[in-house]
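Reading through the structure tokens given below for one structure.
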Amino acid sequence: MNTRFDMMLPRRHTILGGVALAAGAAAPAHAQLTIDMTRPSFEPVPIAIVDFKGDKVGADIAGVVRNDLQNSGLFRSISPSAFIQQNIDPNAPPRFQDWRSIGAAGVVVGQVAQAGGNIKVDFRLWDVVAGSQATGLSFTSQPNNWRRLAHIIADAIYKRVTGEEGYFDTRVAYVSETGPLSARVKRIAIMDQDGANNRYITDGRTIALTPRFSPTLQEIVYMAYGENNGQPRVYLQSVDSGRRELLGNFPGMSFAPRFSPDGTKVVMSISADGNSDIYEMDVRGRALRRLTNTPAIDTSPCYSNDGTQIVFNSDRGGSQQLYVMSASGGNERRISFGQGRYATPVWSPRGDHIAFTKISGGTFGIGVMRTDGSGERMLASGFLVEGPTWAPNGRVLMFFRQQPNSGGRAGSVTLHQIDITGRFERQVPTPTDASDPAWSPLIPQ
Amino acid sequence: MRMIKALAAIAATIFMAACSDQQAAAPATTTVTPGSVADFRQNVGDRVFFDTDKSNIREDARTTLGRQAEWLKKYPNYQITIEGHCDERGTREYNLALGERRANAARQYLVAQGVPAARLKTISYGKERPDPVGSDEAAWARNRRAVTALQ
């Protein structure tokens, strides 16, 4: 079944970039322009981002960079109205004293130039305390690609200051929810990590759930009901063309799909005679392999970052708990032992944690544990919180919150992100109610 | 003036809504045609309920499913889909599996009572189609259900 959607999907853009700009001075690391996220507490780094010179899109680029860094919780963007030095030369060191006096640890300057139909964007991050350039890069791309360039610049600043890879040049797939709960319309949508460029990639005629990206971001897998109350099945859809196909035609329900880290396989649940087990499908050849075989519910499988193991959810011990098995099946072992039911496990892209939903004492929580089940920490809780997904750097999670329904009306459903230390929870803006977020890897450059 | 017209239009809408509510409620007090879908819903009962996180057929559900089986054998022209549902107090994917288990449990019970298996399909809606909409124990108990839908 092929379905075409007339959405304005941006074409793949070429970014020529990452060219280092010569430093204005030697660049020793300085404590005040670095942040150690493993410390129990720290102050956000105060940073001044000056509107980029040379083109009016320069102010827009600076605005996106400010928003990204501020939303991470690790930076405090100083209001441009406080800036003392005006008309700053983007190629020369700033007057450091002016920036020290407003409390900035770093100042970002940049410029935009036309380059034969493309735009060339340079930026420099100055370490105000050390009085030296901390980093500087130059990128060339199509003019309509300026938002991505801004996210790439924000990632470079984040990496220079925190020592961790950034996550701003990413997208989020989610389920857009509209209408009354008795006839809820659920459509798959994709947006940039900051909420820009929102677009719908299913039409809402049937309920679609649980989107997940392929590692290249070119495809998603999700579950959707068939027409006329047809059986829920797993679909594979091209993000750019909208072309979609059924991933295996089984008599029963197939659901809970997720790509392997190399994108060659999809793991999912298939139910037969009321019983759900986990299967792996080769995406190219469509060969199917059964991985679990129990009378219990086995679902929500997720590969480890290296693809060798799968964490999943099973009630084989009497209640929902987390188990890990070999990616080829076998060697199944329980890893969750706390009070309550555990669900929706997702393996960190760094390989150090598994995030999960926990239902205990009438409330829901989002937590993380080490991959052997030790070191459980709860990060967020509420009436209903569910479905964590990792930013590609393994430092930030996104999940959804649902408020109670009342008077026959649906409670709000919203996306939230939180640092894995449990700090800096913030709502992620979406045009409609939203659930089932899936954070993409970094967009390939 | 424009404001007054708008208010008049709203009043008309409310009035019509009230009328249609009454019309919808009216058949409940009249006799239904034996063998109709309405007969099945009102005089047999189209749904059975489950305990939290469970899919075993309760005592009260046996009575309802027994009535369903007799009725379905008497009217063999209907094809049947059993919809499995869950309350909102579980996670989405697990609830899809649990709804499937509930639908299958109801199906097996009807087959054991003599309804031909070939007439009975199942589908799970997990927590996607609440009825009633609510976030209290009473609503959740009504949502842990298997609904026998006739085509």
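Line by line, the protein sequences give chains A and B.
Reminder that position 27 of the first sequence reads as 27 in the numbering used here, one-by-one numbering, no gaps.
For the numbering used here, count along the second sequence from 1 and bump the result up by 445.
From the three backbone atoms N, C-alpha and C, an ideal C-beta is built for every residue, glycine too.
In this structure, F337(A) keeps its C-beta atom at 8 Å or more from the C-beta atom of T363(A). Along the region 245-265 of chain A, the positions whose C-beta sits under 8 Å from a C-beta of chain B are G252, M253, F255, A256, read in chain order.
Taking a C-beta cut-off of 9 Å against chain A, the contacting residues of the region 548-581 of chain B are A548, N549, A550, R552, Q553, K566, T567, I568, S569, Y570, G571, E573, R574, P575, D576, P577, V578, G579, S580, D581, listed in chain order.
Under the Cβ criterion of 8 Å, E386(A) is counted among the residues facing chain B. Between A548(B) and V556(B), the gap from beta carbon to beta carbon reaches 8 Å or more.
Closer than 8 Å to the CB of P404(A) there is at least one CB belonging to chain B. According to the DSSP assignment, S176(A) belongs to the beta strand (DSSP E) that extends over 171-178. In this structure, DSSP gives G131(A) a state outside helix and strand, which the three-state scheme calls coil. Remark: C-beta atoms of S580(B) and G411(A) approach each other more closely than 8 Å. Counting only runs of 4 or more residues that sit fully inside the region 188-225 of chain A, no alpha helix (DSSP H) segment turns up. Of the other Cβ atoms in all chains shown, fewer than 16 fall within 10 Å of the Cβ of K56(A); this residue is therefore exposed.
Under DSSP, the beta-bridge partners assigned to M369(A) are I354(A). In the DSSP assignment, L397(A) falls outside any alpha helix (DSSP H) and within the unbroken beta strand (DSSP E) covering 396-402. D273(A) and S328(A) have their C-alpha atoms some 24 Å from each other. Under the rule that a run must span 3 or more residues, the beta strand (DSSP E) segments found entirely inside the region 521-594 of chain B read 525-530, 565-571.
At a cut-off of 8 Å, the C-beta of L543(B) has a neighbouring C-beta in chain A. By the rule that beta-carbons nearer than 8 Å mark a contact, S336(A) does not touch chain B. Taking CB atoms only, R512(B) has no neighbour in chain A less than 8 Å away.
Rounded to whole angstroms, the Cβ separation of R289(A) and Y279(A) is 6 Å, and the two are in contact under 8 Å.
Closest by C-alpha distance to T567(B), out of G480(B), Q524(B), I502(B), V489(B), is Q524(B). R341(A) and V311(A) have their alpha carbons spaced roughly 15 Å apart. Residue pairing by DSSP places W390(A) opposite L397(A) in a beta bridge. The region 175-191 of chain A and the region 200-215 of chain A touch, with no fewer than 3 CB-CB distances between them shorter than 8 Å. Nearest to D194(A) by C-alpha distance, out of S176(A), P180(A), F168(A), G179(A), is F168(A). In the same chain as S260(A), and ignoring 5 residues on each side of it, the C-beta atoms closer than 6 Å to its own belong to Y303, G307, in chain order. Using a C-beta cut-off of 8 Å, the region 75-95 of chain A makes contact with the region 44-54 of chain A, since at least three inter-stretch Cβ pairs fall below that distance. With contact defined as three or more Cβ pairs closer than 8 Å, the region 228-247 of chain A and the region 498-514 of chain B are not in contact.
Taking 8 Å as the cut-off, the Cβ atoms of E177(A) and D433(A) count as close. Excluding sequence positions up to five before and after G110(A), its CB lies within less than 8 Å of the CB of V50, F52, K53, G58, I61, A62, P90, V121, D122, F123, R124, I153, all in the same chain and listed in chain order. For D436(A), the residues of chain B that pass the 8 Å Cβ criterion are R537, in the order they occur in the chain.
Per DSSP, F75(A) is one residue of the beta strand (DSSP E) stretching across 75-77. The region 392-406 of chain A and the region 415-431 of chain A touch, with three or more beta-carbon pairs separated by less than 8 Å. Under the Cβ criterion of 8 Å, T526(B) is counted among the residues facing chain A. The C-beta of L415(A) comes no closer than 8 Å to any C-beta of chain B. In this chain, Q114(A) is not harboured by any alpha helix (DSSP H); it is covered by the beta strand (DSSP E) spanning 106-115.
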